[in-house]
Amino acid sequence: MDLEQLVTQLPDALYVIDPETAAIIDCNQLAYASLGLTPGQLLSMSVLDLQQDVGDLAHWRSIADTIREQQPYLFIGHHRRADGSHFPVEVCTRVQWHEGRELFVSIVRDISTRIEQVTACCEESAEHWFGLHDTADGCWSWHPGNNALYFSPNLKRLLGYGPDEMEPRLETWKDNIHTEDAPLVLSVLDEHLRGTRHLFEAEYRLRNRNGHYVWIRDRGQVRERDTEGNPLRVVGLVHNITDLKLQELDLQRKADFDTLTGLFNRRRGEVLAEQMLSLMQRQQRPLGFALLDIDDFKRINDLHGHLAGDAVLKRVAQYIAEFVRRSDLVFRWGGEEFVLLCPDTSTSGMEILMHKLRTGIEYLRFDDELRGLKVTASIGVSHYPDDASELVNLMARADSALYAAKHKGKNQVIFFHDDVDSASVG
């Protein structure tokens, strides 16, 4: 391939690479000139000879797989010159196909000047402060004026990067914050910069080089402002709290979820139900409320044993969870009872949904020793705003309707109305 005519005006080095062997099979003039090599010398080399941050062929092939998945693939590393010295480069690689052959095309930019400028800007003010806090897992110093963000070596190591692989700018940090955490983290930072919050403090997930997330506790503070109060320098400390956070999340999961069915438990479900009802009230939207009870569950336990009863509970819970819509809420009330809340659902809509749910449970099939077992459920339904405006009353109305469904032969869906209420309490 002859790329000379295509890349004459390109201000960066260009390489064409064999993805399988890492061999350099073509390049432009700037590529070999920047390394102090002749074209023949460079074309006899591979990425392993050129890039000091790539260890061996196995390492290269893992990088190649990542390049195929993440295009364009951006990488900051070091290139070796003919005299043995090295310099930092920013590499942007894409996959190209030529006559049925897969190739990697890399645009390589020398970022020595950029690194020197940012480092000079940040290190002078940060070095002493960082030295006082070497017990932290990482430190940073940010200059909002030019968005230069200095990452300490131990912070880079925490995230799996080499000394010069994290480009020293604010976007490097922003781009690696978990998307679920970013809005809150950036909002807290903005409040601190504006002076409405004394410190920047946040716990969030930060993506490492392998694409996994590390939980960190980040604490920072504006250390210098200009005469108009605008922040000139912000410094911070990072602690790796992944192990503690995972333990905390596990405890929270155990506190919020029913261990047998995997659904929300009653405690957590009631909190979420109150929140959902409050939202429907503010927005003047309808809400369906259903209480479901597995029929003759005690008989299942007595005939087949408690392990079989547990299997039935898990299977029914799984079916309900798969049946409900993403906007719905389902949780285990206790024993063989489940609660469902269906926002933006009219009475007629609830009738359709609940009859489908009841029928689906009736036709569930079980394996092994429960093969042939038929399970049914009775469902009592109430509705906001038609029947009640408080959660406790919606529950009471649904419970009355469920009581009526049991008395009418089970395996039924009954909606609350005044005569049901009077019949059930009489």
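Numbering of the sequence shown is given in the UniProt record's numbering, commencing with residue 1 and proceeding in unit increments.
The C-beta atom is built at its ideal place from N, Cα and C for all residues, glycine as well.
List the endpoints of the continuous alpha helix (DSSP H) containing residue i.
{"i": "Asn-297", "result": "Before going on, a small fix: residue 297 reads as Phe here, not Asn. Counting along the chain, the alpha helix (DSSP H) containing Phe-297 begins and ends at 297 to 304."}
{"i": "Asn-176", "result": "170 to 176"}
{"i": "Leu-158", "result": "153 to 158"}
Would DSSP call residue i helix, strand or coil?
{"i": "Gln-96", "result": "strand"}
{"i": "His-355", "result": "helix"}
{"i": "Asp-387", "result": "coil"}
{"i": "Ile-320", "result": "helix"}
{"i": "Ser-141", "result": "strand"}
{"i": "Ser-378", "result": "strand"}
{"i": "Gly-211", "result": "coil"}
{"i": "Glu-362", "result": "helix"}
{"i": "Asp-218", "result": "strand"}
{"i": "Gly-349", "result": "helix"}
{"i": "Ala-148", "result": "strand"}
{"i": "Leu-373", "result": "coil"}
{"i": "Leu-402", "result": "helix"}
{"i": "Ala-202", "result": "strand"}
{"i": "Arg-326", "result": "coil"}
{"i": "Leu-10", "result": "coil"}
{"i": "His-133", "result": "Low confidence applies here, because His-133 scores a pLDDT of 48, under 50, leaving its location unreliable and the question unanswered by this model."}
Is the beta carbon of residue i less than 7 Å from the beta carbon of residue j?
{"i": "Ala-405", "j": "Gly-380", "result": "yes"}
{"i": "Leu-292", "j": "Asp-399", "result": "no"}
{"i": "Arg-233", "j": "Arg-223", "result": "yes"}
{"i": "Arg-169", "j": "Leu-149", "result": "yes"}
{"i": "Val-105", "j": "Val-91", "result": "no"}
{"i": "Asp-256", "j": "Arg-268", "result": "yes"}
{"i": "His-78", "j": "Gln-41", "result": "no"}
{"i": "Leu-272", "j": "Leu-329", "result": "yes"}
{"i": "Gly-288", "j": "Ile-300", "result": "no"}
{"i": "Thr-93", "j": "Ile-67", "result": "yes"}
{"i": "Lys-254", "j": "Trp-215", "result": "no"}
{"i": "Glu-274", "j": "Leu-199", "result": "no"}
{"i": "Ala-82", "j": "Leu-35", "result": "yes"}
{"i": "Arg-209", "j": "Gly-160", "result": "yes"}
Distance, Cα to Cα, residue i vs residue j?
{"i": "Gln-96", "j": "Leu-186", "result": "37 Å"}
{"i": "Trp-333", "j": "Lys-298", "result": "16 Å"}
{"i": "residue 440", "j": "Phe-415", "result": "Given a span of 1 to 426 for the chain in the structure shown, any question on residue 440 remains unanswerable."}
{"i": "Glu-102", "j": "Asn-230", "result": "51 Å"}
{"i": "Ser-327", "j": "Cys-342", "result": "7 Å"}
{"i": "Leu-132", "j": "Leu-237", "result": "Caution is warranted here: a pLDDT of 44 is assigned to Leu-132, below 50, making its placement in the model unreliable, and the coordinate value is therefore given only provisionally. C-alpha separation (whole angstroms): 11 Å."}
{"i": "Ala-182", "j": "Asp-386", "result": "40 Å"}
{"i": "Thr-359", "j": "Arg-365", "result": "12 Å"}
{"i": "Leu-260", "j": "Gly-409", "result": "29 Å"}
{"i": "Ser-85", "j": "Pro-72", "result": "28 Å"}
{"i": "His-407", "j": "Ser-378", "result": "10 Å"}
{"i": "Arg-217", "j": "Ser-141", "result": "16 Å"}
{"i": "Asp-164", "j": "Gln-252", "result": "38 Å"}
{"i": "Asn-28", "j": "Met-166", "result": "27 Å"}
{"i": "Ala-23", "j": "Leu-14", "result": "14 Å"}
{"i": "Met-276", "j": "Leu-313", "result": "25 Å"}
{"i": "Arg-205", "j": "Gln-281", "result": "34 Å"}
{"i": "Pro-88", "j": "Ile-111", "result": "6 Å"}
{"i": "Arg-70", "j": "Pro-19", "result": "The residue asked about is misnamed: residue 70 is Gln in this sequence, not Arg. Roughly 14 Å between the two C-alpha positions."}
{"i": "residue 451", "j": "His-59", "result": "No statement about residue 451 is possible, as the shown extent of the chain runs from 1 to 426 and does not include it."}
{"i": "Ala-311", "j": "Asp-175", "result": "44 Å"}
{"i": "Leu-279", "j": "Gly-335", "result": "29 Å"}
{"i": "Ile-320", "j": "Leu-357", "result": "7 Å"}
{"i": "Ala-247", "j": "Asn-240", "result": "Residue 247 is actually Gln in this sequence, not Ala. Using only the alpha carbons, I get a separation of about 13 Å."}
{"i": "Trp-173", "j": "Ser-348", "result": "50 Å"}
{"i": "Val-413", "j": "Glu-180", "result": "39 Å"}
{"i": "Ser-346", "j": "Leu-307", "result": "38 Å"}
{"i": "His-417", "j": "Tyr-384", "result": "13 Å"}
From which residue to which residue does the beta strand (DSSP E) around residue i run?
{"i": "Leu-329", "result": "329 to 334"}
{"i": "Glu-191", "result": "It is not in any beta strand (DSSP E) - Glu-191 instead sits in the alpha helix (DSSP H) that spans 182 to 193."}
{"i": "Pro-343", "result": "337 to 343"}
{"i": "Arg-197", "result": "Element bounds for Arg-197: n/a, residue is neither H nor E."}
{"i": "Ala-103", "result": "As written in the sequence, residue 103 is Leu, which differs from the Ala given in the question. Unbroken beta strand (DSSP E) run through Leu-103: 101 to 110."}
{"i": "Ala-13", "result": "13 to 17"}
{"i": "Phe-415", "result": "413 to 415"}
Report task. Kindly provide the ranges of any beta strand (DSSP E) runs that are 3 or more residues long and lie completely inside the stretch 21 to 85, ordered along the chain. Result -> 24 to 27 and 73 to 80
Report task. Could you tell me which uninterrupted alpha helix (DSSP H) segments, each at least 4 residues in length, are contained entirely in the stretch 238 to 317, listed from first to last along the chain? Result -> 242 to 256, 266 to 283 and 297 to 304
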